[in-house]
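**Q** If you scroll down you'll find the structure; I have some questions about it.
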Amino acid sequence: EFDFIADKNIQILRSAVWSSSVINDDELNQIIEVLGLLSYKKLRNVGALSAKLGNGCIYSFSKLPYQDGISRPTKFRMKIKYPSVQSIITKAIERVAKAEGKTMYEIEELAVQDFGLNSDFQLIQKFGEYTAIGTIENSSSFSLLWENESGKKIKSIPKFVKDNFSVELKEYKKKIKDIQSNLTAQKSRIEKIFLAKREWDFEQWKKLYLDNNLLRFFGTKLIWNFKIDDKTTSVIYENNEFIDVDEVILKNYKNAKITLWHPVNSSVNEIQSWRRWLEKNEIKQPFKQAHRELYIVTDAEKNTNTYSNRFAAHVLRQHIFIALCRERGWAYTLQGQWDSHNTPVLKIAAWKYRVEFWVEGIQDSANDSGIFNYLQTDQVRFYDVESQVEMDKVPAIVFSEAMRDIDLFVGVTSIGADPNWRDGGEERFHGYWSDFSFGNLAVSGRERKELLENIIPKLKIADQCSFEGNFLVVKGTIRIYKIHLGSGNILMKPNDQYLCIVADRSKRANEVFLPFEGDSTLSVILSKALMLADDTKIKDRTIISQIKN
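Start counting the sequence shown at 15; every next residue gets the next number (the working numbering).
Printed below as a string of C-alpha cells:
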C-alpha cells in the first residue's frame, strides 16, 4: 500500500527532502536515497509512484557538497531508466560540475568514495575477538568471511557478533551494500568512457584509478594508453609497474596523457597479444576490452552508402528490447496500435553524433493493452550535427560501439534467442527462428568461437569437444550435441533433433576462467557443454526425455 504518498502530502514531503541538503547528515542522505528509489517504483497501469518526489530527491543531492551528493544520482542513473529521469539526473550533475568548474565526467570521478577498502579490495573490520573480511570478487560480487583470534575461517556471522555488535554489524552490512551498488555504477560509467573522449594527466589519473581503492579495482584490470611526447604505448598496471604487452616496464611516464585503450585503434597483433596476456595471467576484466567485438564498415555498407542493413529483418521481443535500450542509453518508447511509431536513438555527445536503429511494430502482434509484442528491424543510420553521414565517413570507434549495441539488442531480444520458441511460438516465425538459432554467426558469435577455441583445450572435457562450422560439438555417452555459438541453442546428432534447455547460469560455468565479465551467452554455452559431456548424470526429466527420445 502506497496511500501515504497522496497528492496533499507530496509538497510537504518534498519540502522536507529539499531541506535535508542543508543538514547533510549521512544517515539522512541514505534515507533520502531509499525514498527516491521508492518514488520511481513502477506501478502497473500507473507508472512511477511519484516522479515529483523522486525528482526532489535528485535535486537535494545536487545541493550537497559534490563529495557527498554526486555518487547518489550516479546510482539512480543506473537503476532508473525512465528517459525523463535520465535527463533530470544528467542536468543535476552538469549543474554541480559547472559550479565546481569541472566537466560532468570529472565531477563523477572525483565524487567516488573508496569506503575504506584496502589495496587488496578488502573491507576489514574487527568485532571484538572476530574480524570481518569482505572482498570484492568481481564488479557484481562481494564475498564475506569471518576469522576468530586464532585465524580460523568462519563463513557465517558469529553469534557473539550478532549479540554484542548489532549496531556496528548493521553499519558494516550497509557499507558492503553501498560498495556493491557503487561497483555496478562505476563499471557502467567507465565503459561509457570509450565514447567520451576522456583524457587525464598522470597525477589526475593516479589519484582516481590507483589511490582510490574502489576505482583501483577497475584501474588495475584495464588497459590504458600512455601518450608521452608523440609516442603512445598501451599498458596495464601489474606488480606496481606499468608494463606493455611484451612486459617491458614503462619509464618516465609522469608527463603522460592517459586515455582508455580501445582495440579499434590497434593492430590485430597488438589485440591478440593483449588477449593472450590476460588469459595467461588470469586477469578478469570488468567488461570486454581486449576481447571487445569490433565492427568495421563492410563492402555492402559502402554500397548502400548512407545506411546499413546488417541488422535488418530480425524479429525482436519489444518489452525486452526497450529494457535493454534504456540500459545502454538509447532513447525509445513502446510502440502500439495508437500510432506511436518511434525510432531508437543513441546520442553521443562527445562526438556530436546520433545513431538511429529503425524498427517497426508487427501490426498483428499486439497484446490486450494494444502494445506490440514484436518488432521488425530495418536500417541503421548515422548523423552528425548537420546531416546524415555516409557509412565509411563515420569515426571508427563511433561505428563499432553503436553496432556493438545493436548486435547486443538483436542477440538478446530476438525470438531466436528464446529456446522455448520452437515449441510454443507462432508458426509464422519458425523459419526465422531456425535461421537465427542455427545460422551464420554475427561478430559476437565469431569472437565467442575464437575464445572457446582457446578455452576448451584446457578443460577436462576437451577430448569430448570439437568445432564444426558455427557449432561446438560435445560427445556425451548417450548422444552427440551441437551447441550453436551464436544463440546457444542445441541440435542432437544424427538427425539434428532440437534439444530445449533453458539457459543454465549455474556455478559449473563459473569454474572456468573467463578473461572478462558480462557475456552471459558464453557462460550458458560452457554450462551446457559441461552438463552434456556428462549426460548420464543429468537428472532433469524434461531434458532426459528429449535425449532418450
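All C-beta atoms in this analysis are idealised placements derived from N, C-alpha and C, irrespective of residue type, glycine included.
#1: Quick one: is residue 481 buried, meaning 16 or more other Cβ sit within 10 Å of its Cβ, or exposed?
#2: Give a single yes or no on whether residue 424 has its beta carbon closer than 8 Å to a heavy atom of the ligand GDP.
#3: Evaluate residue 169 with the Cβ neighbour count: other Cβ atoms within 10 Å of its Cβ, from every protein chain shown; 16 or more gives buried, anything less gives exposed.
#4: Can you tell me which of the three DSSP states residue 479 falls into?
#5: Would you kindly check if the distance between the Cβ of residue 527 and the Cβ of residue 303 is under 9 Å?
#6: To the nearest angstrom, how far is the alpha carbon of residue 408 from that of residue 323?
#7: I'd like to know whether the C-beta atoms of residue 497 and residue 543 end up nearer to each other than 9 Å.
#8: Assuming residue 80 is part of the alpha helix (DSSP H), what are its boundary residues?
#9: Considering just the uninterrupted stretch of the alpha helix (DSSP H) at residue 65, what are its terminal residues?
#10: Taking DSSP's pairing of strands, which residues face residue 498 in a bridge?
#11: For residue 410, would you say it is in contact with chain B, using Cβ-to-Cβ distances shorter than 9 Å as the test?
#12: Counting only runs that start and end within the segment 230 to 303, where is the alpha helix (DSSP H) found for 4 or more residues in a row?
#13: Assign residue 48 to one of three DSSP states: helix, strand, or coil.
#14: Which residues in the same chain have their Cβ closer than 8 Å to the Cβ of residue 539, if we skip the five residues on either side of it in sequence?
#15: CB residue 398 to CB residue 372, shorter than 9 Å?
#16: State the DSSP-derived secondary structure class of residue 435, mapped to helix, strand or coil.
#17: Which first and last residues belong to the alpha helix (DSSP H) in which residue 316 is found?
#18: Would you mind stating whether residue 87 and residue 103 have Cβ atoms separated by less than 9 Å?
#19: Suppose you measure from the CA of residue 541 to the CA of residue 474; what does that come to, to the nearest Å?
#20: Please determine, among 494, 422, 504, 468, the residue with the shortest C-alpha to C-alpha distance to residue 534.
#21: Do residue 72 and residue 278 have their C-beta atoms closer together than 9 Å?
#22: So the alpha helix (DSSP H) residue 417 belongs to, where does it begin and stop?
#23: What is the rounded straight-line gap between the Cα of residue 425 and the Cα of residue 417?
#24: Which term fits residue 516, buried or exposed, when burial requires 16 or more other beta carbons within 10 angstroms of its beta carbon?
#25: Would residue 549 be called buried (16 or more neighbouring beta carbons within 10 Å of its own) or exposed?
#26: List in chain order: all unbroken beta strand (DSSP E) runs of 3+ residues lying wholly within the segment 378 to 410.
#27: Go ahead and pull the three-state DSSP assignment for residue 146.
#28: Near residue 201, which residues of its chain fall below 6 Å by C-beta distance, leaving aside the five closest residues on each side in sequence?
#29: What are the boundary residues of the alpha helix (DSSP H) that residue 223 is part of?
#30: Comparing alpha-carbon positions, which option in 175, 282, 123 lies nearest residue 203?
#31: Nearest to residue 450 by CA position, among 432, 440, 283, 229, is which residue?
#32: Say whether the segment 380 to 396 touches the segment 318 to 334, bearing in mind that this needs 3 or more beta-carbon pairs closer than 8 Å, one atom from each stretch.
#33: Once DSSP output is grouped into helix, strand and coil, what is the label at residue 32?
#34: Answer yes or no: do residue 436 and residue 512 have a C-beta to C-beta separation smaller than 9 Å?
#35: Under the DSSP definition of a beta bridge, which residues are partnered with residue 161?
#36: Which one of 400, 471, 536 has the shortest CA to CA distance from residue 460?
**A** So, from the listed chains and residues:
#1: exposed
#2: In the structure shown, the ligand GDP is absent, as is every other ligand, since no ligand is present at all.
#3: exposed
#4: strand
#5: Taking 9 Å as the Cβ cut-off, residue 303 and residue 527 do not qualify as a contacting pair.
#6: 16 Å
#7: yes
#8: 80 to 83
#9: 65 to 76
#10: 485
#11: The structure shown contains no chain B; it is built from a single protein chain.
#12: 282 to 294
#13: helix
#14: 462, 466, 486, 497, 499, 502
#15: no
#16: Here DSSP, grouped into helix, strand and coil, assigns residue 435 to helix.
#17: 313 to 318
#18: yes
#19: 13 Å
#20: 422
#21: no
#22: Segment 410 to 427, the alpha helix (DSSP H) holding residue 417.
#23: 12 Å
#24: With a threshold of 16 other beta carbon atoms within 10 Å, residue 516 falls short and is exposed.
#25: buried
#26: 388 to 397
#27: strand
#28: Excluding positions up to five away in sequence, the list reads 153, 300.
#29: 216 to 223
#30: Looking at the Cα atoms, 123 is the closest of the given residues.
#31: Nearest in C-alpha terms to residue 450, of all of 432, 440, 283, 229, is 432.
#32: yes
#33: Residue 32: helix per DSSP, three-state reduction.
#34: The beta carbons of residue 436 and residue 512 sit closer together than 9 Å.
#35: 145, 167
#36: 536
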